[in-house]
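Trainee: Before we start, here is the structure in question, set down as structure tokens.
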Amino acid sequence: VHSYEKYNDLDTINAWSANIAAQNPTLVSRLEIGTSYEGRPLYLLKVGKSGTNKNAVFMDCGFHAREWITPAFCQWFVKEAVDNYGSDDQITDLLDNLDVYVLTVMNVDGYVYSWNSNRMWRKTRSANKNSACVGTDPNRNFNAGWCTVGASSNPCDETYCGTAPESEKESKALADFIRANIGSIKAYLTIHSYSQMLLFPYSYTYALAKDHTELNNVAKGAVSALTSLYGTKYTYGPGGTTIYLSSGGSDDWAYDTGIKYSFTFELRDTGKYGFILPESEIVETCEETMLAVKYIADHVLNNA
Ligand code: 0X9
Ligand code: ZN
Ligand code: ZN
Numbered sequence: 029v030h031s032y033e034k035y036n037d038l039d040t041i042n043a044w045s046a047n048i049a050a051q052n053p054t055l056v057s058r059l060e061i062g063t064s065y066e067g068r069p070l071y072l073l074k075v076g077k078s079g080t081n082k083n084a085v086f087m088d089c090g091f092h093a094r095e096w097i098t099p100a101f102c103q104w105f106v107k108e109a110v111d112n113y114g115s116d117d118q119i120t121d122l123l124d125n126l127d128v129y130v131l132t133v134m135n136v137d138g139y140v141y142s143w144n145s146n147r148m149w150r151k152t153r154s155a156n157k158n159s160a161c162v163g164t165d166p167n168r169n170f171n172a173g174w175c176t177v178g179a180s181s182n183p184c185d186e187t188y189c190g191t192a193p194e195s196e197k198e199s200k201a202l203a204d205f206i207r208a209n210i211g212s213i214k215a216y217l218t219i220h221s222y223s224q225m226l227l228f229p230y231s232y233t234y235a236l237a238k239d240h241t242e243l244n245n246v247a248k249g250a251v252s253a254l255t256s257l258y259g260t261k262y263t264y265g266p267g268g269t270t271i272y273l274s275s276g277g278s279d280d281w282a283y284d285t286g287i288k289y290s291f292t293f294e295l296r297d298t299g300k301y302g303f304i305l306p307e308s309e310i311v312e313t314c315e316e317t318m319l320a321v322k323y324i325a326d327h328v329l330n331n332a
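For the sequence shown, full-length UniProt numbering begins at 29 and goes up steadily by one.
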């Protein structure tokens, strides 16, 4: 049975997404943007009131299988939208004027594997030629300095970059959707854990992004909104200096594709529980993260 305060398995998440779209037809619709290596559907929720020429924010969760707090956040975001539209002025204004595309679980095969076989699984579940090792790191699989730094060409490594950019069906489906909607998508938010960081381009080079000053200011404001709720401390800055240099990330790819407001969140915690964040922290993590996401969406609404 589905709960916003627990971790839900993929079947439960898929039943939830069908249901929330059916129950809120004027606010939420569900589309399938492709299928995974193992043949599972990739469901994308479109959240927003219908309108013409709306800009959009794209947000994904569950790139890395073991980062269970992230699909929990994507579900929470949709719940907050449907519960507060019409009563909360900020949410209402956002959804009247922006669409938010929510990919609740990007790496569906890995997520299922992390539930059924290995809680610490990170990568996809695609077979690798001439290797017994399985999977590619989806966040090393995009066309942004692909496989040049902080990524491995060994399929047995956790940061294996794949055979080419978008070699993974899940990466390709995401990139194809964004390319097809590049005229409207003004922000790209990719939700990971853990470290309590808000990162922006670049991660594949130490070079500063051309929008560095604005991105740094938006990150600062978003972090201060997040921290205001429970005092959770976040660091922020370009990925390369704030976390580590690594190439092939979806954030850098989205930015170089023309989406200025491109951010990676690393949610709670800083290592006490790491990827195995207790369910008792889901509500607080989601509530504080909402403040940062709404801050960024507001900035997009007023500046894009
Ligand atoms: O290494 C990653 O993919 C992310 N950290 S995680 O612990 N969730 O694996 C950070 C991604 C930062 N952005 C890029 N490397 N492009
Ligand atoms: Zn991650
Ligand atoms: Zn709330």
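Glycine residues also receive a C-beta, built at the ideal position from the N, C-alpha and C atoms.
(1) Measuring only the C-alpha atoms, how far is I271 from Y230?
(2) Report yes or no: do the region 58-72 and the region 102-121 share at least 3 C-beta pairs separated by less than 8 Å?
(3) For M318, does the three-state DSSP call read helix, strand or coil?
(4) Is any heavy atom of ligand 2 found at a distance shorter than 7 Å from the C-beta of F86?
(5) Express the C-alpha separation of V251 and T263 in angstroms, rounding to a whole number.
(6) Report buried or exposed for A46, applying the criterion of at least 16 other Cβ atoms within 10 angstroms of its Cβ.
(7) Closest to F303 by CA distance: which of S142, L227 and N182 is it?
(8) How big is the Cα-Cα spacing for R150 and S78?
(9) Which first and last residues belong to the beta strand (DSSP E) in which K74 is found?
(10) Quick one: is the Cβ of T313 within less than 7 Å of any heavy atom of ligand 1?
(11) Please classify R207: is it buried, with 16 or more other beta-carbons within 10 angstroms of its beta-carbon, or exposed?
(12) Would you be able to state if there are at least three C-beta pairs under 8 Å between the region 38-57 and the region 183-197?
(13) Ligand 2: which residues have Cβ under 7 Å from any of its heavy atoms, chain order?
(14) When DSSP labels each residue in this structure, what does I210 get in the three-state scheme?
(15) Can you look up A155 in the DSSP assignment and give me helix, strand or coil?
(16) Looking at ligand 1, does it come within less than 7 Å of S274, judged from the CB to the closest heavy atom?
(17) Is the beta carbon of S275 sitting closer than 8 Å to the one on R168?
(18) Looking at G265 and ligand 1, is the gap between the Cβ and the nearest heavy atom below 7 Å?
(19) Tell me the rounded alpha-carbon separation between D88 and E309.
(20) Taking a contact to mean a Cβ-Cβ separation below 8 Å, would you say S154 touches Y65 in this structure?
Mentor: From the atom records:
(1) Looking at the two C-alpha atoms, the distance is approximately 11 Å.
(2) The region 58-72, when compared against the region 102-121, does not touch it at the 8 Å Cβ threshold.
(3) M318: helix per DSSP, three-state reduction.
(4) No, Cβ of F86 sits at least 7 Å from all heavy atoms of ligand 2.
(5) Rounded to the nearest angstrom, the two C-alpha atoms are 8 Å apart.
(6) A46 comes out exposed.
(7) Check the Cα spacing between F303 and each of S142, L227 and N182: the tightest is with S142.
(8) The alpha-carbon of R150 is positioned some 36 Å away from that of S78.
(9) Segment P69 to V75, the beta strand (DSSP E) holding K74.
(10) For T313, the CB stays at least 7 Å from every heavy atom of ligand 1.
(11) Around the C-beta of R207, fewer than 16 other C-beta atoms lie within 10 Å, and the residue is accordingly described as exposed.
(12) Cβ pair count under 8 Å is below three, so no.
(13) Taking each Cβ in turn, the ones that pass are F91, H92, E95, N167, H220 and S221.
(14) Looking at I210 - three-state DSSP - the assignment turns out to be coil, as it is neither helix nor strand.
(15) Three-state result, A155: strand.
(16) Answer for S274: yes, Cβ within range of ligand 1.
(17) Yes, Cβ-Cβ distance for S275 and R168 is below 8 Å.
(18) Incorrect: G265 has no Cβ contact closer than 7 Å to ligand 1.
(19) Between D88 and E309, the C-alpha separation is close to 20 Å.
(20) Contact annotation: S154 and Y65 have beta-carbon atoms nearer than 8 Å.
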